[in-house]
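Undergrad: Sharing a structure, written as structure tokens. Questions coming.
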Amino acid sequence: MEIEGKVALITGAARRLGKAMACRLAAEGMHVAVHWNTSREQANQTVEECLSHGVNALAIQGDLSDPDCTSAIIEGARQLGPVQVLVNNASRFTPLRLENLDAQELEKDHRIHVLSPTLLCREFARQLPEGEMGRVIQMLDWRAKIADPQFFTYGLAKAGLLQLTRLLAKELAPRITVNAISPGSILPPADFEKQATAELSEDPLLAKSGTVKQILDALLFLIREADHTTGHVFPIDGGRTIS
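Set out below in structure tokens:
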């Protein structure tokens, strides 16, 4: 897909990895819709950085724990033009074991990581102009494949996102490819070291979990080059999923 002048929507793009993806796509000539929930100031900063590359960009607020906002997010992004790339990056990363969880926490992770991405993908497909190609990229986690009881609801929801990727790949072919990137601990939250997780005491198989640049390069490949690839997961986790 030729990406210059096309529109990308990235959820959770106000900061960290989402911001890096937004700025990289803007640098490559894409117009970018920056979705945010609570980080208004950071979202506006991300938009400003995208605009500095000579493209159009805007910020769109939406709480993905309320799936009713998904249609408005897509419509907001369409102010830049038809959306041809959707990156489902928004997430919450909360340590929670079985003994401490309740139905509300379980449901919240499901809504953010499974239900809202599903509805975003549906609306994305509906608005894609006839004859145009589309790309969906899901941001996964090694916990989608490997059980980590310390992040019980998060891992369960990410496993649902993994299956969603496969379902959508079949449902939306051939016009829309649906793939996923599964990072290791590349940009952990600021308080991650305070969380007593097994990941902190285990080294990945290849000693390093990967870099932000590698994630961005994979993203660009899946958008620009992967015309004949769909339903696949690209792990950039230092081999953690097999170690």
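With the first letter of the sequence shown counted as 1, position 78 gets the number 63 in this note's numbering; the numbers rise by one all the way through.
Where is the CB? At the ideal position from N, CA and C, for every residue including glycine.
Find out if the Cβ-Cβ distance for the pair residue 71, residue 43 is shorter than 8 Å.
TA: Against a cut-off of 8 Å, the Cβ pair of residue 43 and residue 71 comes out as no contact.
Undergrad: Strictly by DSSP, which residues pair up with residue 219?
TA: DSSP output for residue 219 lists 166 as bridge partner(s).
Undergrad: List the endpoints of the continuous beta strand (DSSP E) containing residue 3.
TA: That residue, residue 3, is in no beta strand (DSSP E); its alpha helix (DSSP H) goes 1 to 12.
Undergrad: Can you list, in chain order, the residues of its chain whose CB lies under 6 Å from that of residue 141, leaving out five sequence neighbours each side?
TA: There are no such residues.
Undergrad: Quick one: Cα of residue -10 to Cα of residue 14, how far?
TA: Roughly 6 Å between the two C-alpha positions.
Undergrad: Would you kindly report the start and end of the unbroken beta strand (DSSP E) that includes residue 122?
TA: Start and end: 119 to 124.
Undergrad: Helix or strand or just coil, what does DSSP make of residue 70?
TA: DSSP places residue 70 in strand when its eight states are reduced to three.
Undergrad: Can the beta-carbon of residue 111 be found closer than 8 Å to that of residue 162?
TA: Going by C-beta atoms, residue 111 is not nearer than 8 Å to residue 162.
Undergrad: Does the Cβ-Cβ distance between residue 221 and residue 200 come in under 8 Å?
TA: Yes. Within cutoff.
Undergrad: Give the single residue among 160, 126, 152, 133 whose Cα lies nearest to the Cα of residue 118.
TA: Residue 118 has its Cα closest to that of 160, out of 160, 126, 152, 133.
Undergrad: Classify residue 167 as buried or exposed, calling it buried when 16 or more other Cβ atoms lie within 10 Å of its own Cβ.
TA: Buried.
Undergrad: Since residue 146 contacts residue 98 with CB under 8 Å, what's their CB separation in whole angstroms?
TA: So it is a contact: roughly 5 Å between Cβ atoms.
Undergrad: For residue 67, which residues in the same chain have their Cβ closer than 6 Å to its Cβ, ignoring the five residues on either side in sequence?
TA: Taken in chain order, the residues that qualify are 114.
Undergrad: Mapping DSSP to helix, strand and coil, what is residue 38?
TA: Coil, per DSSP.
Undergrad: For residue 86, collect the residues of the same chain with a Cβ closer than 8 Å to its Cβ; drop the 5 residues on either side in sequence, then sort them by chain order.
TA: Excluding residues within five positions, the ones whose Cβ falls inside 8 Å are 137, 138.
Undergrad: Less than 7 Å between C-beta atoms, sequence neighbours within five positions excluded: which residues of the same chain meet that for residue 108?
TA: The answer, listed in chain order, is 55, 56, 59.
Undergrad: Does DSSP put residue 183 in a helix, in a strand, or in coil?
TA: Low local confidence applies: a pLDDT of 46 at residue 183 is under 50, so the model's placement there is unreliable, with the coordinate-based value given in what follows. Helix, per DSSP.
Undergrad: DSSP on residue 45, reduced to helix/strand/coil?
TA: Here residue 45 sits in strand by DSSP.
Undergrad: Among 75, 158, -6, which one has its Cα closest to the Cα of residue 2?
TA: Here the closest residue by C-alpha is 75.
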